[in-house]
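Peer 1:
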Amino acid sequence: MSSATASATAPIPVTVLTGYLGAGKTTLLNRILTEDHGKKYAVIVNEFGEVGIDNDLVVDTDEEVFEMNNGCICCTVRGDLIRIIEGLMKRKGSFDGILIETTGLADPAPVAQTFFMDDDVRARTRLDAIVTVVDALNLASRLDDAPEAEDQVAFADVILLNKVDLVTPEQLARVRSDIRAINPYARVIETERCKVELGEILDKGAFDLTRILSVDPDFLVDDHHHHNEDVRSISLKAGDLDPEKFFDFVNRETQAQGPNILRLKGILAFKDDPDRYVVQGVHMIVEGDHQRPWRADEPRESRLVFIGRDLDWAGLRTGFEACRIAA
Amino acid sequence: MPRLTPLALPAYVVAVTHLGGRAAFALGDGSVHLGHAADDVRAVQVHDGGILAAVAAPDGKSLITAGDDGRVMATDAEGATQLLFEKKGKWIDQLACGPQGAVAFASGRMAWVRLADGQVVEFPHEKAVGGVAFLPKGLRLATATVDKAILHWVTAKGAPAELGWKGAHTGITVSPDGRFLVTTMQEMALHGWRIEDGKHMRMTGYPAKVKSVSWSPKGRWLATAGANAAILWPFSAKDGPMGKPPLQLGPYPKLATQVACHPTEEVVAIGYQDGMVLAVRFGDQAEVAMRHPSGEPVSALAWSPDGMTLAIGTESGAAGLVDIGAA
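Taken in sequence, the protein lines are chains S and A. Just so we're aligned, residue 1 is where the first sequence starts under UniProt numbering, counting upward by one. Just so we're aligned, residue 1 is where the second sequence starts under UniProt numbering, counting upward by one.
1. Do valine 164 of chain S and alanine 123 of chain S have their C-beta atoms closer together than 7 Å?
2. Give the range of the beta strand (DSSP E) segment to which methionine 203 of chain A is assigned.
3. Under the DSSP definition of a beta bridge, which residues are partnered with aspartate 40 of chain A?
4. Determine the direct distance from the alpha carbon of histidine 33 of chain A to that of threonine 34 of chain S, and round the result to whole angstroms.
5. Kindly say whether glycine 89 of chain A, judged by its beta-carbon, lies nearer than 7 Å to any beta-carbon of chain S.
6. Using the Cβ count rule (16 or more neighbours within 10 Å means buried), how would you classify tryptophan 233 of chain A?
7. Which residues of the segment 244-271 of chain S have a Cβ closer than 9 Å to any Cβ of chain A? Give them in chain order.
8. Please specify which runs of the alpha helix (DSSP H), each continuous and at least 4 residues long, are wholly inside the segment 42-103 of chain S, giving them in chain order.
9. Relative to the C-alpha of glycine 320 of chain A, which candidate in A:Glu78, A:Asp284 and A:Gly275 has its C-alpha closest?
10. Can you confirm whether glutamate 86 of chain A, when its beta carbon is compared against all beta carbons of chain S, has any partner nearer than 7 Å?
11. How long is the line joining the alpha carbons of proline 6 of chain A and tryptophan 91 of chain A, rounded to whole angstroms?
12. State yes or no: is the C-beta of valine 14 of chain S within less than 7 Å of the C-beta of threonine 125 of chain S?
13. Quick one: what does DSSP say histidine 225 of chain S is sitting in, helix, strand or coil?
14. If you drop the 5 nearest sequence neighbours on each side, which residues of the same chain put their C-beta closer than 7 Å to that of tryptophan 313 of chain S?
15. Cβ of glutamate 190 of chain S less than 7 Å from any chain A Cβ?
16. Give the list of continuous beta strand (DSSP E) stretches no shorter than 3 residues that lie fully inside the segment 129-172 of chain A.
17. Would aspartate 93 of chain A and leucine 52 of chain A be called neighbours here (beta carbons separated by less than 7 Å)?
18. At a Cβ threshold of 7 Å, is arginine 91 of chain S touching chain A?
19. Between leucine 161 of chain S and glutamate 78 of chain A, what straight-line distance do the alpha-carbon atoms span, to the nearest angstrom?
20. Spell out the partners DSSP gives tryptophan 313 of chain S in its beta bridges.
21. How would you label isoleucine 32 of chain S, buried or exposed, when you count the other beta carbons within 10 angstroms and need 16 or more for buried?
22. Find out if the Cβ-Cβ distance for the pair valine 121 of chain S, isoleucine 84 of chain S is shorter than 7 Å.
23. Could you give the residue range of the alpha helix (DSSP H) that holds asparagine 30 of chain S?
24. Is there a C-beta anywhere in chain A that falls below 7 Å from the one on aspartate 165 of chain S?
25. With a 10 Å radius around its C-beta and 16 neighbouring C-beta atoms as the bar for buried, classify histidine 125 of chain A as buried or exposed.
26. Can you give me the start and stop residues for the alpha helix (DSSP H) that phenylalanine 247 of chain S sits inside?
27. Just checking my contact of glycine 104 of chain S with tyrosine 41 of chain S at CB under 8 Å: how many whole Å lie between their CB atoms?
28. Beta carbon of valine 277 of chain A, beta carbon of valine 268 of chain A: below 7 Å?
29. What is the residue span of the beta strand (DSSP E) that phenylalanine 105 of chain A lies within?
30. State the beta-bridge partners of serine 302 of chain S as determined by DSSP.
31. Straight-line CA distance for methionine 308 of chain A to isoleucine 324 of chain A?
32. In its own chain, which residues sit with a C-beta less than 6 Å from the C-beta of aspartate 275 of chain S, not counting the 5 before and 5 after it?
33. With 7 Å set as the bound, which would you pick, yes or no: does the beta-carbon of glutamate 64 of chain S sit closer than that to a beta-carbon of chain A?
34. From S:Ile285, S:Ser141 and S:Pro11, pick the residue whose C-alpha is nearest to that of aspartate 128 of chain S; which is it?
35. Nearest chain S C-beta to glycine 50 of chain A closer than 7 Å, yes or no?
36. Which runs of the beta strand (DSSP E) fall wholly inside the segment 195-254 of chain A and span at least 3 residues, in chain order?
What follows is the structure, encoded as structure tokens:
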């Protein structure tokens, strides 16, 4: 394949921007649209009035969530995104990436699932990262009164912890620990007025699992929870796995607990398989593929992470352990 | 192979039609290119942004286009343009022409009909409008939306008729005799109704979404893309295609992306994902290559009204005119 063909068909990176009302999402969006960072983004917004930017690639849309006709009640997708991305492909070449802003109350799952479920969207785009903006001052109360805020933290690959200048060091420490209790795998960037190097959040390939799973959450384990949060995570580790047992385990658990599984990610070593196998999922949707050969200098270690609400944590651990190859 | 005159156009070909002896290509960069030879192409910038949909007016004198600049425009064979409608900030991505000079278009949850005298009638929907079409007689608008298709009276008083079927309907077409309504779906299927009694027709088995359909002369067959061949459903019987196998024409290793039935003969032009275009006769399945594979998906096909010229467009802008009269 020639390089020209490769670039014409290269999937376009998509960044999803979530965050509760008032957290600073619009400030960040306006920065991305106005600052000179040498890239042009097509922006899909739901609250058009807030973006005071005249840009012919800003699209105003009504979130249109519908169930896929496959008998799975949590397989919801955003129909408006499918349609707008199809339209944007007709202007391929006039932008470098796509930014999707969700409303403050939005459940991030249908947005993420659109990138798994729709073949055209999958073929033409690549979900680069889910970036969630939270504010240090109000996150605690949002986590108490809004399950959407908790979901947005749970779904994030990158969390922009904004307004850190407005809280005391004690409050900040508490917010950090709240975030980690829900999602220890996201990269947290602390900011004032969303001042962040945009290269830190755009086109980082954060949704690709390598970095996420290289985080070792063990040192973050903290029993001192400030909220009765029901969203938690579990990180499972093993050496080589029996692929048949593993797929059986994942199918069983996603069928049984799918509605409560927010994110699932893993890098796996299968017996007699020279390649790393990566899986990721949202609710009941799981997809996996061979990624690249294990390098000689890296240990063949399987890691699997579940982030979810009221999951059967012990059952997940036992089920995963049972997929091990006896040493 | 019949003679192909190649045309190098600067952007994605959204649609093509024929206007007074010229081919009119509507492009993703908002321009319309009028041409009948490689050295005789005229460009007109019609939209301030991209063109999302384009259809020929029934009188064959103008090309109607809808764009992400919120405009609906008419362009004639001389390149003169006329603004038919404007709604700033909206992406207008559905478009159809009907009897009595009416034009229908939609954006998000709103559909509009512009009558020949310039009057515009609004049709608000509860969910996004996936497609618009007219019945051949009586000025009735058909719209596709989530879980149903709706038949609206445009100027006459009367309650809209709903035809239900669960799922997201993303496109709509009416048979030339006005007896059948067929939608394309988010799932890899078509759904049809016999309008007089609402009888259902399910047309399934596609490996991809169906994004191009075309009625053969007198509406005897509905040709469809979305498979590794053109799939043609028989519609000449009283109850449409039920219980009858479809014709499969032009089997090929790549997906068919566009189909266009010849205006008078039982011949269909099929464009594929790799740029190949075949013309296939229904009766003996004889095939003629109209264009060789070039790598880019075929995105537009249209026969001239006399059936002697086939206009071809692709996603990269590589286009062409095939004169089938030349030996």
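Just so it is clear, CB atoms sit at the ideal spot from N, CA and C, and this is done for glycine as well. On a predicted model such as this, the values are computed, not experimentally measured, just so you know.
Peer 2: Concretely, from the data shown:
1. no
2. 199-203
3. A:Ala37
4. 33 Å
5. yes
6. buried
7. none
8. 79-88
9. A:Gly275
10. no
11. 31 Å
12. yes
13. The predicted model places histidine 225 of chain S with a pLDDT of 49, which falls under 50 and marks its position as unreliable, so this point remains unresolved.
14. Ile234
15. no
16. 131-134 and 140-153
17. yes
18. yes
19. 58 Å
20. Answer is none; tryptophan 313 of chain S lacks a bridge partner.
21. buried
22. no
23. 25-34
24. no
25. buried
26. 243-257
27. With 8 Å as the limit, glycine 104 of chain S and tyrosine 41 of chain S do not qualify as a contact, their Cβ atoms being about 21 Å apart.
28. no
29. 103-107
30. S:Ala238
31. 6 Å
32. His290 and Pro293
33. yes
34. S:Pro11
35. yes
36. 199-203, 213-215, 221-227, 229-234 and 247-249
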